[in-house]
Amino acid sequence: MKKFDNVFVFDHPLIKHKIAILRDKKTGMKEFRELVEEITTMMTYESMRDVELVPVQVETPLETCTQYKVAEESIAIVPILRAGLGMVNGVHKVFPTARVGHIGMYRDEETFEPKEYYCKLPEGIEKKTVFLVDPMLATGGSACDALSALKKRGCKKIKLMSVIGAPEGVERVAKAHPDVKIYVSTMDRELNEHAYILPGLGDAGDRLFGTK
Ligand code: PRP
Ligand code: URA
């Protein structure tokens with residue numbers, strides 16, 4: 001895949017280890033959910049490298065010093081329903097007070113085109129750094145539309161986090177939204193004729209919620 005400045009692929013051995021278990025069809029719902037959460041937490045650490053810090057005065061037992069903290073109220077999490085819900089706790093582990101918005105998208109099974117069916121965002125989201133989360137970035141249609149929906153509502157600083165990306169989908173989002181940093185923990189090979197990611201992990205929503 002061509003290299004894009006706004007795409008970051010993790011190459012951490014621990015993430016690789018967890019993704020190997022996640023892909024396994026024998027991994028059950030509970031473990032799958034826990035792994036998605038753990039991987040998201042690791043991705044959050046990495047993707048926060050450029051986060052803005054604010055100075056604070058801290059009194060240690062010995063003296064007062066200037067330290068730096070992330071303004072937690074400056075972060076929002078927006079999962080793309082349903083599967084994105086599986087990543088919310090992973091970000092909350094790091095920023096427990098982050099507000100959560102929801103965007104509902106489903107892929108039409110024939111055209112693979114995303115359809116928005118729900119959008120509820122926290123007040124003042126336009127001033128926050130938004131983590132748009134969805135474990136699967138396949139054709140990139142859902143992510144592209146969700147990013148446009150957030151921008152339409154005034155969001156300017158958005159990061160997209162996906163556990164698995166397909167090259168064609170990542171390229172599509174990177175080109176359509178060059179201002180958005182895209183983090184994927186692994187880049188897979190390709191899409192099959194049903195727009196499923198190969199080797200992938202199957203249907204993330206079904207595996208997270210046990211619907212099939
Ligand atoms: C999955 C996934 C993404 C989308 C990715 O959702 O969670 O939202 O497909 O595909 P795309 O990149 O080709 O748009 P799905 O539509 O299966 O809905 P679900 O989360 O409710 O299972
Ligand atoms: N959505 C999924 O859940 N899995 C895929 O492989 C593609 C889209």
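With this note's numbering applied, the sequence shown covers 1 to 212.
Idealized CB from N, CA, C, for every residue including glycine.
Keep in mind it's a predicted model, so treat the numbers as computed, not measured.
Endpoints, the alpha helix (DSSP H) within which residue i is located
i: Thr272; result: This structure leaves residue 272 out entirely; the chain is present only between 1 and 212.
i: His92; result: 85 to 92
i: Leu227; result: The requested residue 227 does not occur in the structure, where the chain is confined to residues 1 to 212.
Helix, strand or coil at residue i according to DSSP, with G and I counted as helix
i: Pro178; result: coil
i: Gly200; result: coil
i: Phe209; result: helix
i: Val184; result: strand
i: His194; result: coil
i: Leu137; result: strand
i: Arg99; result: strand
i: Lys152; result: helix
i: Leu62; result: coil
i: Lys69; result: strand
Rounded distance between the beta-carbons of residue j and residue i, thought under 8 angstroms
i: Pro135; j: Ala204; result: 4 angstroms
i: Cys155; j: Ile125; result: 6 angstroms
i: Val173; j: Ala138; result: Not quite, the Cβ-Cβ distance comes to about 11 angstroms (not below 8 angstroms), so this is no contact.
i: Ser185; j: Ile39; result: 6 angstroms
N- and C-terminal bounds of the beta strand (DSSP E) containing residue i
i: Ser162; result: 157 to 165
i: Glu116; result: 114 to 120
i: Ala76; result: 75 to 81
i: Leu53; result: 53 to 59
i: Gly243; result: The requested residue 243 is not part of the displayed model; the chain covers only 1 to 212.
i: Thr111; result: It is not in any beta strand (DSSP E) - Thr111 carries neither H nor E in the DSSP assignment.
i: Phe10; result: It is not in any beta strand (DSSP E) - Phe10 carries neither H nor E in the DSSP assignment.
Beta-carbon contacts of residue i that lie in its chain and below 8 angstroms, excluding the five residues immediately before and after
i: Thr191; result: Here the sequence assigns Leu to residue 191, which means Thr is not the residue at that position. Excluding sequence neighbours, Leu191 sits near Ala138, Thr139, Ala166, Glu168, Gly169, Ile197, Leu198.
i: Lys293; result: Given that the chain is displayed from residue 1 to residue 212, the structure contains no residue 293 and the question cannot be resolved.
i: Gly202; result: Lys25, Tyr196
Close beta carbons around residue i, own chain, < 7 angstroms, minus the five adjacent residues each side
i: Leu150; result: Val78, Val130, Leu132, Ile158
i: Lys69; result: Leu53, Val54, Val56
i: Cys65; result: Val58
i: Gly209; result: In the sequence as presented, Gly is not what sits at residue 209; that position holds Phe. Contacts found: Arg82.
i: Arg33; result: Gly86, Leu208
6 angstroms Cβ shell around residue i - same chain, five flanking residues per side excluded
i: Lys212; result: Asp206
i: Lys93; result: Thr41
Test: residue i CB closer than 8 angstroms to a CB of chain C
i: Asn89; result: You won't find chain C in this structure, because it holds only one protein chain.
Contact shell at 7 angstroms, judged by CB to any heavy atom of the ligand PRP, ordered along the chain:
Ile80, Leu81, Arg82, Ala83, Gly84, Met105, Tyr106, Arg107, Phe112, Pro114, Asp134, Pro135, Met136, Leu137, Ala138, Thr139, Gly140, Gly141, Ser142, Ala143, Gly169, Ala195, Asp203, Ala204, Gly205, Asp206
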